[in-house]
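For the sequence shown, the working numbering gives the first residue as 2, with consecutive numbering after it. The beta carbon of each residue, even a glycine, is placed where N, CA and C say it ideally should be. As the structure is a computational prediction, the values presented were derived from the model and not from experiment.
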Amino acid sequence: MVNAHITNKMRNLRDAYSSALIQLGYENENVVVLDADLALSTKTKRFGTVFPSRFFDMGISEANMMGVAAGLATCGKIVFASSFAVFATGRCYDQIRQSIAYPNLNVKIVATHAGISVGGDGASHQMLEDIALMRVLPNMRVIAPADATEMEDVIPVIASENGPFYIRIGRADAPIIFERHGKFKIGRGHVLRDGSDISIIATGTMTAEALIAYNMLKKNGIEARVIHIPTIKPIDARLIKKAARETGYIITIEEHSIIGGLGDAVSMAMAKNPVPAFRIGVNDVFGESGEARQLMEKYGLTADNIAKQAKKLMKRRK
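Written as structure tokens, this is what we have:
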């Protein structure tokens, strides 16, 4: 098991991203960073301050940014391209498909402000379909780190791996659950809590909610297995099959539409030997404006709802 704990420490994953980028910049002069008029919000501006000749603000032109990123990659550059998730995927999907994924170029798309927790910006900016869009593309690998520590571990690894990646992070500060850095392994999931009654499989910052739900369920005599899946594609099918076989029930939790994201990927992994499962996510609707935590509660993206659904599944077993 991987050591993980809910702490009182909070840190923004965007800050971790910028720190990791700057460290990469010192280590490798081929690292270049592109942004689309949102560098202050994505925090890539910090890289530009340290390495101004390797930072390019492309303006409000995401499609052009992806084309330029592809061109730089053909010249041997390791390209990081950032914007809000709604723009980094939806606005320039054709360019990502045709110019990055199809030729398998070395472009790392790091999208911020994903999910319902964008809050007051509302449905137009709450990207809930990006995992589905990126996951379906051949050659594209999709990662959603759980906290700032894991974010800092992810960035150097994807820089060392050739080909395209999509990294998804949110807007808000998130609890630190991994206090120690480690070697991130693409495609590897992690058991954070062991249990034999039910498996809770989470990705991104929803893993913190899964850990809280574990404590709630334990008080009710339910031993849950908590699994963190940072790499949604390629997914750790072996770990998922093992959890399904040994616990018999699965709940997935993601800050994304229940269609096309983690829940679907987990269902596919255990398709030959399925077990009862419940997907927690945004249920095929757009979001709305509101305070981030209130929205998370309204759409069921909380530890309380994870525990509630787990108890329902356990009643079915009885």
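> Using the rule of at least 16 other Cβ atoms within 10 Å of the residue's Cβ for burial, across every protein chain shown, is G183 buried or exposed?
Replying inline: exposed
> So which of F81, L129, L138 and N105 has the shortest CA-CA distance to Y94?
Replying inline: L138
> To which residues of the same chain is F52 closer than 6 Å at the C-beta, ignoring the five residues directly before and after it?
Replying inline: G26
>> What does DSSP give as the partner residue(s) for V32 in the beta ladder?
In response: I79
>> I'd like the ranges of any alpha helix (DSSP H) spanning at least 4 consecutive residues and lying wholly in the stretch 132-199.
In response: 149-161
>> Contact between the stretch 211-230 and the stretch 119-130 is defined here as three or more beta-carbon pairs at a separation below 8 Å; is this criterion met?
In response: no
> What number of angstroms, rounded off, separates the C-alpha of G311 from the C-alpha of C76?
Replying inline: It should be pointed out that residue 311 corresponds to Ala in this sequence rather than to Gly. Their backbone Cα atoms lie some 51 Å apart in a straight line.
> Which runs of the alpha helix (DSSP H), 4 residues or longer, sit entirely within the stretch 24-75?
Replying inline: 40-43, 46-51 and 63-75
> In the DSSP assignment, what residue or residues form a beta bridge with R12?
Replying inline: A175
>> Given this structure, state the Cα-to-Cα distance separating T43 from D174, to the nearest angstrom.
In response: 13 Å
> Count the other CB atoms within 10 Å of the CB of A89; is the residue buried (16 or more) or exposed (fewer)?
Replying inline: buried
> Among A102, P104 and I144, which residue has its Cα nearest to the Cα of T113?
Replying inline: I144
> If you draw a straight line from the C-alpha of A71 to the C-alpha of Y103, how long is it?
Replying inline: 11 Å
>> Tell me the DSSP secondary structure of T113 in three-state form.
In response: strand
>> Here's the rule I'm using: 16 or more other beta-carbon atoms within 10 Å means buried, otherwise exposed. How should H6 be labelled?
In response: exposed
> Can you tell me whether DSSP reads G282 as helix, strand or coil?
Replying inline: strand
> Can you tell me whether E151 is buried or exposed, with buried defined as 16 or more other CB within 10 angstroms of its CB?
Replying inline: buried
> Within 10 angstroms of its Cβ, does S118 collect 16 or more other Cβ (buried), or is it exposed?
Replying inline: buried
>> Looking at the secondary structure, which residues open and close the alpha helix (DSSP H) in which E247 lies?
In response: A238 to T248
> Using a Cβ-Cβ cut-off of 6 Å (strictly less than) and excluding sequence neighbours within five positions of H191, which residues of its own chain qualify?
Replying inline: V3 and H229
>> I need the boundaries of the beta strand (DSSP E) containing E255, first residue and last residue.
In response: I251 to S258
>> Just verifying my parser: in three-state terms, what is the DSSP assignment at S84?
In response: strand
> Is DSSP giving T232 helix, strand or coil here?
Replying inline: strand
> Mind checking whether E63 and R92 have CB atoms under 9 Å apart?
Replying inline: yes
> Can we say the stretch 290-300 touches the stretch 238-252, given the rule of at least three CB pairs closer than 8 Å?
Replying inline: no
>> Assuming V267 is part of the alpha helix (DSSP H), what are its boundary residues?
In response: L263 to A270
> According to DSSP, what are the bridge partners of M128?
Replying inline: A115
>> At the level of alpha carbons, what is the spacing between G1 and R280?
In response: The chain is shown from 2 up to 319; residue 1 falls before or after that span and cannot be answered.
>> So, for N284: in the same chain, excluding its five sequence neighbours on each side, which residues have a beta-carbon less than 7 Å away from its beta-carbon?
In response: I259
> What residues match up with A102 in a beta bridge as DSSP calls it?
Replying inline: DSSP output for A102 lists no bridge partner at all.
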